[in-house]
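Count along the sequence shown from 1, then add 12; that gives the number in my numbering.
Using N, Cα and C, we set each Cβ at its ideal position, and we do this for glycine too.
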Amino acid sequence: MSQGPRARFVERLDGFLSESLRQASPLELGRARMLVGVCWGLLACDALVLLQAVLNPVPLSIVMVAVACVAGFGGALVLLRWSSSTRPLALLLCSLVTAGLITNILTMKELAVATHASIMLVPVVSVYLLGWRLGLLFSALICVSVGLVFPLHTWGSLEGPGPVLCSFAAVYVLCAWSMSWLFVSSRDETYAMVEQMVRTLRESEGQLVSLIESTDDLVLSLDAEGRVITANHSAKQLFRRIAGRELRKGEPAFGEFPSEERARWNGFMARALKGERVKEEMLLPPKERLITLELTVSPVRGDGGRVVGTTLFGRDITARKEAEARLSEMHRNLLDVSRQAGMAEIATGVLHNVGNALNSVNVSAGVVTERLHGLRVPAMSRAAELLEEHAADLGSFVTTDPRGRQFPVYLKALARRLVEERDAVLEEMRTLCQNLDHIKAVVSMQQAHASSSGMVELLPIPELLDDALRLHALSFETVGIQVRREYAQVPPLWVDRHKLLQILLNLVSNARHALLETGREDKQLTLRVGPGTGGRLRIEVEDNGVGVTPENLPRLFTQGFTTKRDGHGFGLHISALAAEEMRGSLFCTSAGQNRGATFTLELPTRDASLVEPARSRHSSGMIEAAVAR
13 MSQGPRARFV ERLDGFLSES LRQASPLELG RARMLVGVCW GLLACDALVL LQAVLNPVPL
73 SIVMVAVACV AGFGGALVLL RWSSSTRPLA LLLCSLVTAG LITNILTMKE LAVATHASIM
133 LVPVVSVYLL GWRLGLLFSA LICVSVGLVF PLHTWGSLEG PGPVLCSFAA VYVLCAWSMS
193 WLFVSSRDET YAMVEQMVRT LRESEGQLVS LIESTDDLVL SLDAEGRVIT ANHSAKQLFR
253 RIAGRELRKG EPAFGEFPSE ERARWNGFMA RALKGERVKE EMLLPPKERL ITLELTVSPV
313 RGDGGRVVGT TLFGRDITAR KEAEARLSEM HRNLLDVSRQ AGMAEIATGV LHNVGNALNS
373 VNVSAGVVTE RLHGLRVPAM SRAAELLEEH AADLGSFVTT DPRGRQFPVY LKALARRLVE
433 ERDAVLEEMR TLCQNLDHIK AVVSMQQAHA SSSGMVELLP IPELLDDALR LHALSFETVG
493 IQVRREYAQV PPLWVDRHKL LQILLNLVSN ARHALLETGR EDKQLTLRVG PGTGGRLRIE
553 VEDNGVGVTP ENLPRLFTQG FTTKRDGHGF GLHISALAAE EMRGSLFCTS AGQNRGATFT
613 LELPTRDASL VEPARSRHSS GMIEAAVAR
C-alpha cells in the first residue's frame, strides 16, 4: 500500500532524528519534527538572503546574521541525529531567529521589514518548542523591538501611519503568542487527559488480564468467523492437551475437534452471532479421557449494535459430572437401604400386632383346651353304665333304689353343667375368631398398601390415617399414649396411597419415639385433618414429647440429619421429597425442647384430570422408605 504525501514528508523529517527522539513521547516527537521543518524552512530563507547579497549590495550585518543562522540551523539538524532532547536546540533556534529578525529590522530601517509577517514566526515557534514562558520572553523582545525600539531608532524618518502600524504589529505578535499559548495549553491538557486515560486503560487491561489468567476457566475472544483473537493460559493448555500443539491466533477455535462436536460448535456460533447468549455442554476428546466442558458463548456488539465477534467462557465440569454420577448411585443405594429399613419397620409393626393377637389366640386356645379337659364326660359315661346294668329292672331301680331315685336330679345337674361348659368354650372360640380376624385384617391391610405403589386413587384421608394408626395401635396402648382424633369433614383426595401412607407412618413413628423419650405421664398424640390455606388439605400430627430445638428446625428435613441415637436421617428427608412429588409440602413447628412438635402435611385438592400417572409411577420407588428415621 503506497504512502500518502504526509506520510512521506513525516518519514523524511524523522530521518534527521536520533533513535531516542523517534521513540520519544508524541509531544517530544512532534517538537522534534517541528524543529526539523523550521530549520529547513529558515535555511531556505537564509539561502535566498545570501543569493540576494551576491546579486545586489546588502549590509554586511545582514550577511553575517544570515551566515550565523545557516551555521546554527545546519548545526541543529546535525545535532538532532545524536540528541535525546529538543530543548537546547530549540532554544538555539529561537534565539537565532529572534536575533536575526531584530538585526534586520534595526539595520534596514524599513517599515515593511519591521511589520513583515515573518515576525509572527517567533511567538508561534517559541511557544510550540519552548512553552509559554520562554515564548513570552522571545515574543516580548520582538514586540519591544517593533513597537518601541524601531520607531525610536527611525524617529523622524517614519511618516504617516508608520508608528501606528508598528504598534499594531507588536499587538499582533502578542495576539499570536496568546493564540499559540491557548493552542499549546489545550494540546497539553488533551495529551494529559489521553495519557491518564491510557494509563487507566492499561491498568484496567492489566487487571482484566490478571483476572482472566488467574481463573482455571477457559476464556477466548473470537471474531465473527470463529477465529481466535486472544486466549488465556487455561485455554491454551487445554488446546495443547487435545491437539498436541500450541493454539495460534487466527485459527478456528474448534477446528481440530471431531466432526460431530465441531458441527455443534458451529451451531452455537450461529446462535451467538444472531445476538443470543448460548450456554451448552460439549465433550472434548483428549487422549487420556473425555472432558465435559460447560460453554458460554456471548455476542460482542460493535457500532450500531451489530455483532462483530463472540466471547467464549468454558469450564471443565468433568469432575462435577463424575461426582453427580457417584452421588446419584449413592442416592439410589441409600434409597434401597431406606426402603429396606421402611419395609422392616412396617414388618415389625405388622409382626408386633400379629404377635399380640397370637398371644390372645394362644390364651384362648389354652382356655378352650382346659375347658374341654374339664367337661363331665366320664360322669356321663358312668351314668350310662349304671342305666345299662339296670336295664332289666329300670322302673324298680328308679323308684326303689336310693341311687336310682337320685338319678334324675343328677342328670339335670349334669346337663346344666355341660351347658355352662359349652357356653364358656363358645365364648373363648368367639374371642379366638376375633383375634384371627384381627390378624387377617392387619395382613390384608399391609398387602393392600404394599400393592398400591405408584397408583393414584381417590381416597378418604381419615381412613388412611386410621390405617397408619392401626399398624401402631397395640404399641401406643401398651406404653400409655393417648391418641386423639380431630377429623373435619373433608372430601376424598386423589393421592398415591403408598406415598401418603409412608409419610403418615413416618410421622406417627417419630411422634411415638418423641413421646417415649419424654418423662411426662400425660403422653398425648393428636391427629388432625382439615382444610388448609389456598384450597389445600391439611394433615397434622402433634405430640407433647421432647420437641425440636430452634437450631435443629432448619436442618430437620436435610438428608442424613437425625437426633436419634439409632436413627439414619432418611425418613423426614424422603418424606419431604414425597410431599413435593405430590405437589404438597411438609414442615414442622415446635415451641422448643420438651414442648412438643407439630408436623404439618399440606396436599393440593385436585381431580383425576390433573394427575400425572407417569410421573407418579416413575418417582414412587424413591419414597418407599419414608418410614425410616
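When burial is assigned at 16 or more other CB atoms within 10 Å of the CB, is H343 buried or exposed?
Counting from 1 along the sequence shown, the entry for residue 343 is found at position 331. H343 should be labelled exposed.
Burial state of C178 (16 or more Cβ within 10 Å)
Numbered from 1 along the sequence shown, position 166 holds the residue referred to as residue 178. Buried, by the Cβ-count rule.
What runs of the alpha helix (DSSP H), each 4 residues or longer, lie entirely inside the region 215 to 269?
245 to 255
Applying the criterion that 16 or more other CB atoms from any shown protein chain within 10 Å of the CB defines a buried residue, is G583 buried or exposed?
Here residue 583 corresponds to residue number 571 of the sequence shown, with the count starting at 1. Buried, since its Cβ has 16 or more Cβ neighbours within 10 Å.
Assuming contact is defined by CB atoms lying nearer than 8 Å, are C600 and L565 in contact in what I supplied?
As a working mapping, residue 600 is identified with position 588 in the sequence shown. As a working mapping, residue 565 is identified with position 553 in the sequence shown. Yes, the pair counts as a contact, with Cβ atoms nearer than the cut-off.
Three-way DSSP call (helix, strand, coil) for T545 in this model:
Position 533 of the sequence shown, counted from the first residue, corresponds to residue 545. Residue state, collapsed to three classes: helix.
T98 versus F269 - alpha carbon distance
As a first step, residue 98 must be located in the sequence shown, where it is residue number 86. As a first step, residue 269 must be located in the sequence shown, where it is residue number 257. Going by the C-alpha atoms only, they are around 58 Å apart.
List the whole-angstrom C-beta distance separating V196 from V139, where the pair is believed to meet the contact cut-off of C-beta under 8 Å.
The sequence position of residue 196 within the sequence shown is 184, counting from 1. The sequence position of residue 139 within the sequence shown is 127, counting from 1. With 8 Å as the limit, V196 and V139 qualify as a contact, their Cβ atoms being about 6 Å apart.
Are the CB atoms of E614 and S587 nearer to each other than 8 Å?
For the purposes of this step, residue 614 is identified with residue 602 of the sequence shown, where counting begins at 1. For the purposes of this step, residue 587 is identified with residue 575 of the sequence shown, where counting begins at 1. Not closer than 8 Å, so no.
C-alpha gap between S32 and F280, whole angstroms:
For the purposes of this step, residue 32 is taken as the residue at position 20 of the sequence shown. For the purposes of this step, residue 280 is taken as the residue at position 268 of the sequence shown. Going by the C-alpha atoms only, they are around 50 Å apart.
C-alpha distance - M441 paired with E498, whole-angstrom precision:
Residue 441 sits at position 429 when you count from the first residue of the sequence shown. Residue 498 sits at position 486 when you count from the first residue of the sequence shown. C-alpha separation (whole angstroms): 36 Å.
Alpha carbon to alpha carbon, what distance is there between R524 and T575?
The residue given as residue 575 occupies position 563 in the sequence shown. The residue given as residue 524 occupies position 512 in the sequence shown. Cα-Cα distance, rounded: 14 Å.
Do T308 and L234 come within 8 Å of each other at the CB atom, strictly closer than that value?
In the sequence shown, the residue the question calls residue 234 occupies position 222. In the sequence shown, the residue the question calls residue 308 occupies position 296. Cβ distance not < 8 Å, so L234 and T308 don't count as in contact.
Taking the C-alpha atoms as reference points, what is the distance between V319 and D508?
The residue labelled residue 319 in the question sits at position 307 within the sequence shown. The residue labelled residue 508 in the question sits at position 496 within the sequence shown. Near 53 Å, if we compare the C-alpha coordinates of D508 and V319.
Answer yes or no: do A642 and V61 have a C-beta to C-beta separation smaller than 8 Å?
A question about residue 642 goes unanswered here, because the residues of the chain that appear run from 13 up to 641.
Segment limits, alpha helix (DSSP H) that includes W52:
For the purposes of this step, residue 52 is taken as the residue at position 40 of the sequence shown. First-last of the alpha helix (DSSP H) with W52: 38 to 67.
Which residue comes first and which comes last in the alpha helix (DSSP H) that contains Q514?
Stepping through the sequence shown from its first residue, residue 514 is reached at position 502. Judged by DSSP secondary structure, Q514 falls within the alpha helix (DSSP H) whose first and last residues are 509 to 529.
Proximity of I131 and A181 at Cβ, strictly below 8 Å
Taking the sequence shown and counting its residues from 1, the one referred to as residue 131 is at position 119. Taking the sequence shown and counting its residues from 1, the one referred to as residue 181 is at position 169. A contact, by the Cβ cut-off of 8 Å.
For K576, the three-state DSSP class (helix, strand or coil)
Position 564 of the sequence shown, counting from 1, holds the residue named residue 576. In the structure shown, K576 sits in coil (DSSP, three-state: anything other than H, G, I, E or B).
Please report how far the alpha carbon of D619 lies from the alpha carbon of G544, in whole angstroms.
Here residue 619 refers to the residue found at position 607 when the sequence shown is read from its first residue. Here residue 544 refers to the residue found at position 532 when the sequence shown is read from its first residue. Bear in mind that a pLDDT of 46 at D619, under 50, signals an unreliable position, so the model cannot answer this.
So what's L91 in DSSP terms, helix, strand or just coil?
One-based indexing of the sequence shown puts residue 91 at position 79. If DSSP states are grouped into helix, strand and coil, L91 belongs with the helices.
What's the gap between the Cα of E293 and the Cα of S37?
To locate residue 293, count along the sequence shown from 1; it is residue 281. To locate residue 37, count along the sequence shown from 1; it is residue 25. Within the model, the alpha-carbon separation for E293 versus S37 is close to 49 Å.
Taking DSSP as the reference, what is the three-state secondary structure of S628?
Sequence index remark: in the sequence shown, residue 628 carries index 616 (1-based). Interpretation of S628 is limited by its pLDDT of 38, a score under 50 that renders its predicted location unreliable; no figure is taken from the coordinates.
What do you get for H385, buried or exposed, if any count of 16 or more other CB atoms within 10 angstroms of its CB means buried?
Position 373 of the sequence shown, counting from 1, holds the residue named residue 385. The residue is exposed, with fewer than 16 neighbouring Cβ atoms inside 10 Å.
CB-CB under 8 Å to D413, same chain, minus the five flanking residues each way: which ones, in chain order?
By 1-based counting over the sequence shown, the position of residue 413 is 401. Cβ neighbours of D413 beyond the five flanking positions: H402.
Delimiting residues of the alpha helix (DSSP H) encompassing T115
For this step, residue 115 is matched to residue 103 along the sequence shown. 99 to 120 is the span of the alpha helix (DSSP H), which, as asked, contains T115.
Looking at L105 and L47, is the spacing between their C-beta atoms short of 8 Å?
Position 35 of the sequence shown, counted from the first residue, corresponds to residue 47. Position 93 of the sequence shown, counted from the first residue, corresponds to residue 105. It is a contact, given that the beta carbons lie within the stated cut-off.
So, G559 versus G604, is the Cβ gap smaller than 8 Å?
On the sequence shown, position 547 is the one that residue 559 refers to. On the sequence shown, position 592 is the one that residue 604 refers to. Yes, the pair counts as a contact, with Cβ atoms nearer than the cut-off.
Mind checking whether A265 and L302 have CB atoms under 8 Å apart?
Residue mapping note: residue 265 aligns to position 253 of the sequence shown, counting from 1. Residue mapping note: residue 302 aligns to position 290 of the sequence shown, counting from 1. No, the Cβ-Cβ distance between A265 and L302 is not below 8 Å.
In or out: M76 buried (at least 16 other Cβ within 10 Å) or exposed?
Counted from its first residue, the sequence shown places residue 76 at position 64. So M76 counts as exposed.
Answer yes or no: do L133 and R43 have a C-beta to C-beta separation smaller than 8 Å?
Counting from one through the sequence shown, the residue named residue 133 turns up at place 121. Counting from one through the sequence shown, the residue named residue 43 turns up at place 31. Taking 8 Å as the Cβ cut-off, L133 and R43 do not qualify as a contacting pair.
Rounded to whole angstroms, how far is the Cβ of L513 from the Cβ of A480, which I believe are closer than 8 Å?
On the sequence shown, position 501 is the one that residue 513 refers to. On the sequence shown, position 468 is the one that residue 480 refers to. So it is a contact: roughly 6 Å between Cβ atoms.
Going straight from the alpha carbon of V185 to that of S151, what length do you get?
For this step, residue 185 is matched to residue 173 along the sequence shown. For this step, residue 151 is matched to residue 139 along the sequence shown. When rounded, the distance between both Cα atoms is 7 Å.
Nearest-angstrom Cα separation, counted from A395 out to K424:
Residue numbering aside, residue 424 sits at position 412 when the sequence shown is read from its first letter. Residue numbering aside, residue 395 sits at position 383 when the sequence shown is read from its first letter. Straight-line Cα distance between these residues: approximately 12 Å.
Whole angstroms is fine: what's the gap from K248's alpha carbon to E23's?
Position 236 of the sequence shown, counting from 1, holds the residue named residue 248. Position 11 of the sequence shown, counting from 1, holds the residue named residue 23. Going from the Cα of K248 to the Cα of E23 covers about 40 Å.
Span separating the alpha-carbon of W189 from that of G143:
Numbered from its first residue, the sequence shown carries residue 189 at position 177. Numbered from its first residue, the sequence shown carries residue 143 at position 131. Taking the straight line joining both Cα atoms gives about 10 Å.
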